[in-house]
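Protein chains: 2
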Amino acid sequence: MRKIAIFGPGLLGGSIALKLRALGGWHIGLWARRAAALADLRARGLADLVSSDIEEIACDADLVVLCVPIEAMGALAREIARFIPSRCVVTDVGSVKGCVDAELAPIFAGKCRYVGSHPMAGKAEAGIAAAEAGLFAGTNCIITTPDADVQAFWETLGCRVVTMSAREHDECVALISHLPHLVAGNLVRAVAEKNARAFAVVGPGFRDTTRVASGPPELWTGILQANRAAVLDALDAMLAKLTDFRQTLAQTDNEEQLHQALAEAKQMRDSIWPVPPR
Amino acid sequence: MRKIAIFGPGLLGGSIALKLRALGGWHIGLWARRAAALADLRARGLADLVSSDIEEIACDADLVVLCVPIEAMGALAREIARFIPSRCVVTDVGSVKGCVDAELAPIFAGKCRYVGSHPMAGKAEAGIAAAEAGLFAGTNCIITTPDADVQAFWETLGCRVVTMSAREHDECVALISHLPHLVAGNLVRAVAEKNARAFAVVGPGFRDTTRVASGPPELWTGILQANRAAVLDALDAMLAKLTDFRQTLAQTDNEEQLHQALAEAKQMRDSIWPVPPR
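Heads up: the sequence lines are chains A and B, in that order. Going by our numbering, the first sequence runs without a break in its numbering and finishes at 278. Going by our numbering, the second sequence runs without a break in its numbering and finishes at 1278.
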């Protein structure tokens, strides 16, 4: 029986617990600070141990997963490091890896292994109420150090694991997660400003394009701040593409250029998610 | 038994035929030009009559639905108008209404009623192979002239009908359909240019945000050209929001402003598609 300690279970940590519960063979400890969260976790019956006592949850763990917001990870990690056994592996699910690695690696150095993780799973709903055992099935999970145990853990949950440096991770997620988030949010805001009556006739295209804008603002404010430099670079690339596209659209003889840009985008996206041919 | 004539059935026209077939009570005529398309339509068995003869399909129709690309509508409408009975109502499913209304209304004036329609239904796959009877269920359909028959027709298919002028339609769809399309496409292109390795770690957020970019480039080139002025206005509003957001993100003391922008976007989107509370 392996022991996992999940700190701050929300959508991701709760989904980990649900999946391991379904698989069996794991002793699951959940840590939360607030009394209401503890009572909720106990009522859900998805763990062997629920506690606000860091020592009680961490002292015998084989695997620790930090699921608290990235701003809160350092302080919590310093507490956990006091009690953790040397055989333990610590990982986290933070959406930004450079700053988290820089803060957490020194805390666990000489005590136990620390490996950064970022499972690319999620949905608009946040919190443990939205957790589901199948959340990770078929999703990508990035780890920032090659580690057979952490890789096997995510594969157990159904992930495909990709190893890349924290720096390259941050550049990639700025492009495929943080930029899409701020683009979706500003798309909603642009429509509202120009003609809010348009909201009355939206279709499935607008629904999907803006889906991520329903994510928790406090979480995303922290993510954008923590990955600011890479997000600014990504946003500049997006602004350049849109500005070029505007120039093309404003010309009268633009059919070939418009078609080429749209066909290029379709080809790139279809290479990731193939669309059945007509 | 009412007679419907669908010209150029693809995803939308095919889905209309499938739904009416399931409901019963309709004689369904399908028109296509090419021999291969006619053979395919016949093989699917979703119509009472399949023909490339405009007169044969149009001469006894109670309702004509034009589903060809907007560039092709004028020429086809002039042919149809030669054979159409005066009791007939003509509508279309074009994604832009100003230019279509301007072209089609004079062609049918004094011959029969013409009412522009735009069902806000779709998916990334195009063509009749992707058609499904439930495509319109719960979707919005805009009509550009109040008309009880056309309204009842779309409601039969499961649509919620909204009436607005062709001009307001074009402004609204520029915002909630055409702008999202070019934003999604340019998001894919920006990522590819900055770091194509990011495509290897995409998650469900990027998948949904870019879904519409897999639509047919030839169709979307025509749509963007036909609604150019309104799309340029919408794109300028988007560029202004993104430029403002960039300025905020580049500052150090930006937590409150970032949170406010993201919370505003979430609130607006949740007002359309509510997200269960945490």
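Where a beta carbon is used, it is the ideal one built from N, C-alpha and C, also for glycine. Small disclaimer: the values here were computed from a predicted structure and weren't measured.
- B/Asp1092: member of the beta strand (DSSP E) spanning 1089 to 1092, first to last residue.
- In this structure, B/Gly1185 lies near A/Ala261, with their beta-carbon atoms less than 8 Å apart.
- Look at B/Thr1163 here: in three-state DSSP terms it is strand.
- At least 8 Å separates the CB of A/Trp154 from every CB of chain B.
- The residue from A/Asp170, A/Gly222, A/Arg246 with its alpha-carbon nearest to that of A/Ala72 is A/Gly222.
- Within 10 angstroms of the beta-carbon of B/Met1164 lie 16 or more other beta-carbons, which makes it buried.
- Secondary structure in the region 14 to 60 of chain A: the beta strand (DSSP E) runs of 3 residues or longer, each lying completely within the stretch, are 26 to 31, 49 to 51 in chain order.
- Taking the C-beta atoms as reference points, A/Ile28 is found no nearer than 8 Å to A/Ala61.
- Cβ-Cβ separation between B/His1118 and B/Cys1141: approximately 7 Å, consistent with a contact (criterion under 8 Å).
- Secondary structure of A/Ile128 (DSSP, three-state): helix.
- Under the 8 Å criterion on CB atoms, B/Ile1006 is classed as non-interfacial with respect to chain A.
- Runs of the alpha helix (DSSP H) lying entirely within the region 1164 to 1195 of chain B and spanning at least 4 residues, in chain order: 1166 to 1173, 1179 to 1195.
- Taking a C-beta distance under 8 Å as the contact criterion, B/Val1089 and B/Leu1066 do not qualify as a contact pair.
- Where B/Leu1242 is concerned, the enclosing alpha helix (DSSP H) starts and stops at 1228 to 1250.
- Under a 10 Å Cβ-count criterion, A/Gln225 is classified as buried, with 16 or more other Cβ atoms of the shown protein chains found around its own Cβ.
- For A/Cys99, the three-state secondary structure derived from DSSP is helix.
- The C-beta of A/Phe136 comes no closer than 8 Å to any C-beta of chain B.
- For B/Ala1261, the closest Cβ of chain A is nearer than 8 Å.
- In this structure, the straight-line span from the alpha carbon of A/Leu239 to that of B/Ala1037 is close to 41 Å.
- The three-state reading of DSSP puts A/Ala263 in helix, counting H, G and I together.
- Not flagged as an interface residue toward chain A: B/Trp1026, since no C-beta distance is shorter than 8 Å.
- DSSP places A/Pro119 within a strand segment (E or B) once states are collapsed to three.
- In the structure shown, the three-state DSSP call for B/Ile1084 is coil.
- For B/Val1150, the uninterrupted alpha helix (DSSP H) run begins and ends at 1148 to 1156, by DSSP.
- With respect to chain B, the C-beta atom of A/Val191 has a partner C-beta closer than 8 Å.
- Here DSSP, grouped into helix, strand and coil, assigns B/Ala1137 to coil.
- Of the residues assessed, A/Asp147 falls on the buried side of the cut-off, its CB having 16 or more other CB atoms within 10 angstroms.
- When Cβ-Cβ separations below 8 Å define contact, B/Arg1044 makes no contact with chain A.
- For B/Arg1207, the enclosing alpha helix (DSSP H) has its first and last residue at 1204 to 1209.
- Bounds of the beta strand (DSSP E) holding A/Lys3 are 2 to 7.
- When Cβ-Cβ separations below 8 Å define contact, B/Trp1031 makes no contact with chain A.
- In this structure, B/Leu1219 keeps its C-beta atom at 8 Å or more from the C-beta atom of B/Ala1130.
- Annotated as distal: A/Ala17 and A/Ile57, with beta-carbon spacing of 8 Å or more.
- Residue range 1063 to 1066 is occupied by the beta strand (DSSP E) that includes B/Val1065.
- Here the alpha carbon of A/Val100 sits roughly 22 Å from the alpha carbon of A/Cys59.
- Excluding sequence positions up to five before and after B/Ala1198, its CB lies within less than 6 Å of the CB of Val1191, all in the same chain and listed in chain order.
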